[in-house]
Every structure is written in structure tokens, then in C-alpha cells.
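Visitor: This structure is in C-alpha cells; I'll ask about it shortly.
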Amino acid sequence: MSAPVIQGWCPGALRPMMSGDGLVVRVRPRGGRLTPEQAAGIATLSLRHGNGLIDLSSRANVQLRGVTEAGHRPLIEGLSALGLIDETTEAESHRNIVVTPFWSDGDGIQGIVRSLAAALTGPDAPDTPGKFGYAVDCGAAPVLSAVSADIRIERAVDGGLVVRADGAGTGARATAAAAAERALDLARWFLDSGGAPERRGRMAAHLARGANLPPVFTEVSASPHPAVDPVPGLVAQGFLVGFEFGQMRAESLSLLAGFGPLRVTPWRMLLIEGAGAVPEIAGLITGPDNPLLRVVACTGAPGCPQGLIATRTLARRLCSALAPGNLLHVSGCAKGCAHRGAAPLTLVGRVGGTVDLIRGGTATDSPCQTGLDPETLTFHTLTETAHAS
Ligand code: SF4
């Protein structure tokens, strides 16, 4: 088994990451929303400077793939003209915010996000690690509890706002006007209490090691947060659409831009704001029954240099046999980029191109079966193997 390379930082637009198909340039839409002009502009720039493939990330970002080194500077100029680029790499790295896509005008959520973004990009913003992030999840129902974040702004049991450390059941009360500053107080405590030695670390792990939160962050219980998995379809704010493995062609994004503003979600779907019907665009997943929704697969080989198997070929072949509600995670290596949590079934690529099977765990857990041949593996043999172990 080869150990995956841990980068310890996330790619951005100003600081892209080299992958097997060129630079990955990650754009962080402000407020989790793209105007039609921004969406159309990203599509045009992707075709001009990249390979025309656009990913939606699990932190609700938009990634342009296959960007050439020569094309990076003009791409940034184009994105900057669309209002999508931060002033510095530090500001870009710190402005790591996921917002519930189910906000409405007048509910105050976008105001909280704007305050938080301004505070995180200011000169005295806490210098948290690259993967450290914030979830603004104070809509009518919580939806981001399963999404990676270190500090969460949510609804308290009494309906007010609470700022909570990930991994804690309590948090500090806050008004909408003060929520961002409370969140930064918590980030500063995380750093001051040793949460990020060598500039790496996450909040939940820090608490699990025994760090004691300041009393103010234990004053109110957050409401219970069942993990919710939204599915494509009509919602109060518009229409949610998905894409195979969260990836689309630039041409699809360009067409979608014609239907209205787009809210980017952490479930690798887009919410077409105000849409009451599904646009007819090839490759769009528009309902909950599509078997591709039951499988998660990272880029894998050859697009990712660490990929040991062609993840998506295998996932495509196996997904139609998965029952509704089941989930198969296919990971090109043990890093498990596409799905950090446990899944009923996980296949992990190994050196030599074989796969290991993990049941009820994550890509880093111990396999129950090793050395499987992805060419001959069927869903039937997979479940037989799992049950026999
Ligand atoms: S999990 Fe997939 S995308 Fe992540 S490093 Fe491994 S092969 Fe690449």
C-alpha cells in the first residue's frame, strides 16, 4: 500500500494545484452564488485556458481543470474582471466559507456571509491552516452538518443564532451582526490554544485531544443536526440539478447561465435560482432516482497523478446495481478526496492497479478484502465478498 501525498492545503485560484491534466484552478464564489454573467464568463474562460471540464467541489467551490501554465495569468485576469478573485493568496485561503444554498432574501444569511468574508480577508484575520473553514448553516433547517467545516454558525435550540466549534454540542449565542466576530474569536482561540502546530490541524481533532473551549462557547446547545442529503429536484428557492461525479462541460455551464443565478452547493449540485422547471441540457441529473447519485468517485487516474485506478470507469460500471439509499465510494488512492466520511462500501486503488474493499468505513480504514481486479469486479462479487468477510 502506498501512502498518499498529503498537501495540507487546498488549491485556490491564485495558488492553483498541478494535477495529471494540468493546473486545477479553484474559484470561491462569493456568498456561494454565481450571477449569470459570472457563470457564463467561467465557461468561456474554461474553454479558452483550460480543458473545458469544470468540477463542483465538496466545499461548494468551482474548479477549472486542465489550465496551462501559460494560461493561468490571463485566466486570473478574466476571473478578476468577473469579481471572482481575492486580493491576495492569504485572503483567498482564509475565505473558506460554505453557505446553505437554501437562503432567501431578507433572512439575513447573506449579510452574515458578507461580514464573515470581510473579516476573514481583513489585515488582522486569524492565520488559520489552509483547510480550516466555516459553515453558515442558519436556514430554516440545517443542511451542512455533514459538510467539512471547523466553525459553524447555526440555529440554537431556541431559534437564535449559535456559533459552534465543530465537534462540540454547544456554542456561543450571537446576533446576526455579531456572528462573524464571534466566529473569529473562536478561530483565534483555536490558534492560541495550539490547534494548529506546524500550521496544520482541524477543530474537531483539537477538541478530541482534550482542548477546553472558553466558557462563552459552552453557553447554549445547538439544535440536533441530522445529516440531510438533498437530491435533485424542485426546492423552494429554485431547481437543484446534479452532474455525473459533480463534473460538467463548460458548454453546460454556459447554457445553465441562461436560466438565472446559480447557487453552488457542497453536494456537487447547482441550484438554479427561481427556476420552476428543468432546462433540457444533456448530462444533467434532474431527479432523485439516477443511479449515479449512489456513487462517489474522485478524479482518479489519469487525471490525478496519485490515482492508482480509473475510478470513474469502475464507478460507472457498478452504480446501476446499487439499491436506492446505498452508497459506493471509489477512491483512486487512500487519500479519499471525494468522500471523507464512512460509506457502506468503499473501493480504494492500490499500487499495481488492484482495489481493496472497505465495508462501513472510510478510504483509510482497514480493508476486508484486498487485491481485487477492477476489470472483473462486479457489484454481485463485491457484495458477496463483503458478506463473506
Ligand atoms: S483520492 Fe483520488 S483525487 Fe485524491 S489524491 Fe487520491 S487519486 Fe487523487
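The sequence shown runs -19 to 369 under this note's numbering.
Glycine included, every Cβ here is placed at the ideal spot set by N, Cα and C.
Just so it is clear, the structure is predicted and the values come from calculations on it, not from any experiment.
1) With respect to the beta strand (DSSP E) encompassing Gly341, which residues constitute its N-terminal and C-terminal limits?
2) I'd like the span of the beta strand (DSSP E) that includes Arg144, first residue to last.
3) Just to confirm, are Ala(-7) and Ile77 a CB contact at a threshold of 7 Å?
4) Need the endpoints of the alpha helix (DSSP H) that Gln18 sits in, please.
5) Among residues of its own chain, excluding the 5 on either side of Thr108, which ones have a beta-carbon nearer than 6 Å to its beta-carbon?
6) So, at 6 Å on beta carbons, what are the nonlocal neighbours of Val276 in its own chain, with the 5 sequence-adjacent residues on each side left out?
7) On the three-state DSSP scale, how would you describe Gly51?
8) Taking the C-alpha atoms as reference points, what is the distance between Thr363 and Leu307?
9) How about Thr68: is its Cβ closer than 6 Å to a heavy atom in ligand 1?
10) Where Ala184 and Glu260 are concerned, what is the direct C-alpha to C-alpha distance, given to the nearest angstrom?
11) Could you name the residues of the same chain whose beta carbon sits closer than 6 Å to that of Ser(-18), not counting the 5 residues immediately before and after it, in chain order?
12) Under 8 Å by Cβ, that's how I've got Thr198 and Thr150 pegged, so tell me the actual separation to the nearest angstrom.
13) Given a threshold of 16 other Cβ atoms within 10 Å of its Cβ, counted over all protein chains shown, does Asn41 qualify as buried or as exposed?
14) What I want to know is whether the C-beta of Ser128 ends up closer than 6 Å to one or more non-hydrogen atoms of ligand 2.
15) Given that a residue counts as buried once 16 or more other Cβ atoms are within 10 Å of its Cβ, and exposed if not, what is Met325?
16) Is the separation between the beta-carbon of Pro241 and that of Glu253 shorter than 7 Å?
17) In the DSSP output, what is Gly222 paired with across the bridge?
18) For Met(-2), is the classification buried or exposed, using 16 other Cβ atoms within 10 angstroms of its Cβ as the cut-off for buried?
19) Helix, strand or coil: which one does DSSP assign to Gly329?
20) CA-CA distance, Arg248 and Gly222?
21) So who's on the other strand from Val215, going by DSSP bridges?
22) Any heavy atom of ligand 1 within a distance shorter than 6 Å of the CB on Ser311?
23) Is Ala322 closer than 7 Å to Gly341 when the C-beta atoms are compared?
24) Taking the beta strand (DSSP E) that His350 belongs to, which residues open and close that run?
25) With a 10 Å radius around its C-beta and 16 neighbouring C-beta atoms as the bar for buried, classify Glu72 as buried or exposed.
26) Round the Cβ separation of Val142 and Ala152 to the nearest angstrom and send it over; I've been treating them as touching at under 8 Å.
27) According to DSSP, Glu134 sits in a beta bridge with which residue or residues?
28) Could you give the DSSP three-state label for Arg274: helix, strand or coil?
29) Provide the residue span of the beta strand (DSSP E) that contains Leu242, from first to last.
Guide: Checking against the coordinates, here is how it stands:
1) Taking the sequence shown and counting its residues from 1, one reaches residue 341 at position 361. Where Gly341 is concerned, the enclosing beta strand (DSSP E) starts and stops at 335 to 341.
2) Walking along the sequence shown from the start, residue 144 turns up at place 164. 141 to 145 is the span of the beta strand (DSSP E), which, as asked, contains Arg144.
3) Walking along the sequence shown from the start, residue -7 turns up at place 13. Walking along the sequence shown from the start, residue 77 turns up at place 97. No, the Cβ-Cβ distance between Ala(-7) and Ile77 is not below 7 Å.
4) Along the sequence shown, one-based indexing puts residue 18 at 38. Gln18 -> alpha helix (DSSP H) spans 16 to 29.
5) Mapped onto the sequence shown, residue 108 falls at position 128. For Thr108, where only same-chain residues beyond five positions count, the Cβ hits under 6 Å are Ala167.
6) On the sequence shown, residue 276 is found 296 positions in, with the first residue counted as 1. These residues qualify, in order along the chain: His309, Ala318, His319.
7) For the purposes of this step, residue 51 is identified with residue 71 of the sequence shown, where counting begins at 1. Residue state for Gly51 is assigned as helix, using DSSP reduced to three classes.
8) As a first step, residue 363 is located in the sequence shown; it is residue number 383 there, counting from the start. As a first step, residue 307 is located in the sequence shown; it is residue number 327 there, counting from the start. Answer to the nearest angstrom: the Cα atoms are 12 Å apart.
9) Working through the sequence shown from its first residue, we reach residue 68 at position 88. Thr68 Cβ: outside cutoff for every heavy atom of ligand 1.
10) For the purposes of this step, residue 184 is taken as residue 204 along the sequence shown, with counting starting at 1. For the purposes of this step, residue 260 is taken as residue 280 along the sequence shown, with counting starting at 1. In a straight line, the C-alpha of Ala184 is about 42 Å away from that of Glu260.
11) Position 2 of the sequence shown, counting from 1, holds the residue named residue -18. With a pLDDT of 49 at Ser(-18), under the threshold of 50, the modelled position of this residue cannot be trusted, and the question is left open.
12) Residue numbering aside, residue 198 sits at position 218 when the sequence shown is read from its first letter. Residue numbering aside, residue 150 sits at position 170 when the sequence shown is read from its first letter. That belief holds up - the Cβ atoms of Thr198 and Thr150 are roughly 5 Å apart, short of 8 Å.
13) In the sequence shown, the residue the question calls residue 41 occupies position 61. Residue environment analysis places Asn41 among the buried positions, since at least 16 neighbouring C-beta atoms fall within 10 angstroms of its C-beta.
14) This structure simply doesn't include ligand 2; it includes ligand 1 instead.
15) Here the question's residue 325 lines up with position 345 in the sequence shown. Just to set this straight, residue 325 is Leu in the shown sequence, not Met. Leu325 is buried by the Cβ-count criterion.
16) As a position in the sequence shown, residue 241 is number 261, starting the count at 1. As a position in the sequence shown, residue 253 is number 273, starting the count at 1. A contact, by the Cβ cut-off of 7 Å.
17) Reading the sequence shown from its first residue, position 242 is the one you call residue 222. The secondary-structure analysis by DSSP pairs Gly222 across a beta bridge with Met249, Ile265.
18) Taking the sequence shown and counting its residues from 1, one reaches residue -2 at position 18. The residue is exposed, with fewer than 16 neighbouring Cβ atoms inside 10 Å.
19) For the purposes of this step, residue 329 is taken as the residue at position 349 of the sequence shown. Three-state result, Gly329: strand.
20) As a position in the sequence shown, residue 248 is number 268, starting the count at 1. As a position in the sequence shown, residue 222 is number 242, starting the count at 1. Rounded to whole angstroms, the gap between the alpha carbons of Arg248 and Gly222 is 7 Å.
21) The residue labelled residue 215 in the question sits at position 235 within the sequence shown. The secondary-structure analysis by DSSP pairs Val215 across a beta bridge with Gly218.
22) Counted from its first residue, the sequence shown places residue 311 at position 331. In this structure, Ser311 has its CB closer than 6 Å to one or more heavy atoms of ligand 1.
23) The count along the sequence shown starts at 1 and reaches residue 341 at position 361. The count along the sequence shown starts at 1 and reaches residue 322 at position 342. For Gly341 and Ala322, yes; Cβs fall inside 7 Å.
24) Translated into the one-based positions of the sequence shown, residue 350 becomes position 370. The amino acid occupying residue 350 in the given sequence is Thr; His does not appear at that position. Unbroken beta strand (DSSP E) run through Thr350: 349 to 352.
25) Translated into the one-based positions of the sequence shown, residue 72 becomes position 92. Buried, because 16 or more other Cβ atoms sit within 10 Å of the Cβ of Glu72.
26) Translated into positions along the sequence shown, residue 142 becomes position 162. Translated into positions along the sequence shown, residue 152 becomes position 172. A Cβ-Cβ separation of about 7 Å places Val142 in contact with Ala152 under the 8 Å criterion.
27) Counting from 1 along the sequence shown, the entry for residue 134 is found at position 154. In DSSP, Glu134 forms a bridge with Val142.
28) Residue 274 sits at position 294 when you count from the first residue of the sequence shown. Note: Arg274 maps to helix in three-state DSSP.
29) To locate residue 242, count along the sequence shown from 1; it is residue 262. Boundaries of the beta strand (DSSP E) around Leu242: 242 to 244.
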